[in-house]
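Let me begin by presenting the structure, written as structure tokens, before commenting on it.
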Amino acid sequence: MSFADDYRSLREAGQTDKALALAREVLPRLDGPTAARAGKWILRDLATENPSQKPVRVLLLGQCTTQYLPPLLAAWAWHEGLILDIVDAEYDQILQTLLAQSEAPDLIVLLPWNQRLLAPGDRSPGARLADELEFWRLCWNQIARLQCKAIQIGYDWTGPGGTGYSLSNREGGDIALIREMNRQLLSALPPGTYFVDVESASASLGKHAFYDSRNHLLLRQPFSPDGLSLLARHVAAGIRALTAGRRKVLALDLDNTLWGGVIGETGPQGIAVGGTGLGEAFQLFQIQVKRLRETGILLVALSKNNEEDAKAAFLENDRMVLKLEDFAAFHASWNGKPGELRSVAKELNLGTDSFVFFDDNPAERAHMRAELPEVLTIEAPEDPADFVAALVEALPFETVGLTAADAERSRYYAEEQTRREALTISSSPEDYLRSLGMTARCHALDSSNLDRVTDLVTKTNQFNLTTKRHSRAEIESFAGTPGSVCFAVELADKFGDYGLIAVILALPEAEALRIDTWLMSCRAMGRTVEHFTLNEIARAGRTAGYQRLLAEYFPTAKNAPVASLLTSFGFSGDSPAELDLTSFTPLPHHLTGPAVPPQA
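For the sequence shown, this note's numbering gives the first residue as 7, with consecutive numbering after it.
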């Protein structure tokens, strides 16, 4: 049976949830037309099957026809675990639509086409570049007015133009002009905007496969069905990056995934890694994995093996690129991998939807998808020579940008392991917290920390009162609002520096101060940082002349850890809860100064 038949059968049997799970699993293997049909079914069925999941509201704007993109975008967003509510604007009415927009969506997608940039006429290439860039600046200004997030798709070429391929890459050629346009776009992009490099995306599929000249002539839509599906996949990855943040963990099988062969049978010197042929394919895959770690992705080993055998490869085979210390967690046992992954998630204090799973065994992949559908399980190809491409093209770790904190994440978690070991020898939790020697500093929000603050606002789920997702521009606006109390908290202890781990955005409301956002990284939970933070909010609020502090808890699937926070801290009432700052007594905590007062 085909995918379409399987989907219909499940739906007719009243198993729409299983039909949707099937679509989410097989989407990467579907051709463009089938993926588009799947998207239409997904749009229809998610509305009734997942009514409680809040959709991401997307406004789609293009210089070419975009009406065929929404079903594919919905399908790939569902593959990412997201539900979309898409509004598709009229053909080539981008600025007009933005100017008329009064209500902000969550996110706006901007899709250019090259008809004006490459148009013949009297204007010089430089003038055409300047005109296009000025047009997008006007659009970005309107998006800033609406205070919503944006995805800017880049420009692309379909052929070399009149000069041929050799000269088209030189000054004045079509290809050179497209690349200069993309360079200028990237340089001018507002902070926090996600960029889709469509030139690279089309190259991965092939220009002739990505575009369809007949579609362009008849529909004013230049993409082939497969090209449109790939474009939608890249845009959906951007939507996830902007709304849910980057995934944090790559969980890896070992035998026949990081090396060739079964180490329990061959021993550490008998596995295929390095050298030529098959061994080189595994070594190249390890190099790619190592590069991901250097960008802040945590590595986890999940292997059905004896632990001693599994570790021997890293300790005794000098052709291994990855080392034991590269892994944030190492689980080698004969237990089921979904259960082991849950255990690792608890150990790292991360949600399972932060994980990507790569395993050469199709049975293990099926088991993971069945037990933990929120984990992105990559379809590993049979040939290890294709492992790198499979990992890259799945777009599992796309992000708006990288911060210094991302590069340090592996170190943070290694230090956390040392802290856990210290906890086991402490006489009590209180004794443990005192022994850490924690110090905290509060920082006003400015250009030096706004990227990290935006990163936290985008990604933090567990300790997050409202889970509101604000853009960098919005956060900057909040911080500049007269009477606001906005700051970030930095934490360190005797084992190392946590970096910036908490954010407060509080704004004036009538005669009170209202908390819009109160969040903290899961790495700092259980350290009494929240007690210290409330003391600082209260101190800054009183200094600014406020007598009441207002806050509200918006429950989500992930922020149960803060469900009782306000009540436990002395807030009374509901929607919003209120704290009397005139009678507030500072809460006890285990942090010491120096604390730099936030600016009210």
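Ideal Cβ placement from N, Cα and C applies to all residues, glycine included.
| Check | Outcome |
| --- | --- |
| Local conformation of Ala610 per DSSP, three classes | Coverage of the chain is limited to positions 7 through 606, which leaves residue 610 absent and any answer about it impossible. |
| Between the CA atoms of Ala546 and Glu480 - distance to the nearest angstrom | 21 Å |
| Short Cβ contact (9 Å threshold) for Leu67 with Val115 | yes |
| Contact set for Lys296: own chain, Cβ-Cβ below 8 Å, skip 5 residues either direction | Val327, Leu328 and Asp332 |
| As assigned by DSSP and simplified to three states, the class of Met187 | helix |
| Span separating the alpha-carbon of Val535 from that of Leu192 | 38 Å |
| Those runs of the alpha helix (DSSP H) which lie wholly inside the region 329-380 and span at least 4 residues | 343-354 and 368-377 |
| Environment of Tyr171 [buried if 16+ CB atoms lie within 10 Å] | exposed |
| Whole-angstrom distance between Ser433 and Glu399, CA atom to CA atom | 49 Å |
| Reference Phe393; option with closest CA among Asn341, His595, Gln289 and Ser8 | Gln289 |
| Per-residue DSSP class, three states only, for Asp589 | It should be pointed out that residue 589 corresponds to Ser in this sequence rather than to Asp. If DSSP states are grouped into helix, strand and coil, Ser589 belongs with coil. |
| Through-space distance from Pro196 to Trp146, alpha-carbon basis | 7 Å |
| Beta-carbon contacts of Ile48 that lie in its chain and below 7 Å, excluding the five residues immediately before and after | Leu26, Ala29, Ala80, Ala81 and Trp84 |
| Sufficient close CB pairs (3 or more, under 8 Å) joining the region 253-262 to the region 130-139 | no |
| 7 Å CB neighbourhood of Val602 in its chain, flanking five on each side removed | A caution first: Val602 carries a pLDDT of 44, below 50, which makes its placement in the model too unreliable to give a value. |
| Val509 and Glu542 closer than 9 Å at C-beta | no |
| Asn470 (DSSP reduced to helix, strand or coil) | strand |
| Inter-residue Cα distance where the pair is Ser339 and Arg426 | 22 Å |
| Cβ separation of Gly270 and Ile277, assumed to be a contact under 8 Å, to the nearest whole Å | About 10 Å; that fails the 8 Å criterion. |
| Inter-residue Cα distance where the pair is Thr282 and Pro61 | 49 Å |
| CB contact below 9 Å: Asn312 versus chain C | Any reference to chain C falls outside this structure, which holds one protein chain only. |
| CA-to-CA distance, Leu556 to Glu584, given in whole angstroms | 5 Å |
| Three-state class that DSSP yields for Val327 in the structure shown | coil |
| Burial state of Arg321, where buried means 16 or more other Cβ atoms lie within 10 Å | Strictly speaking, residue 321 in this sequence is Leu, with Arg absent from that position. It counts as exposed. |
| Classification of Pro561 by the beta-carbon crowding that lies within 10 angstroms, buried from 16 upward | exposed |
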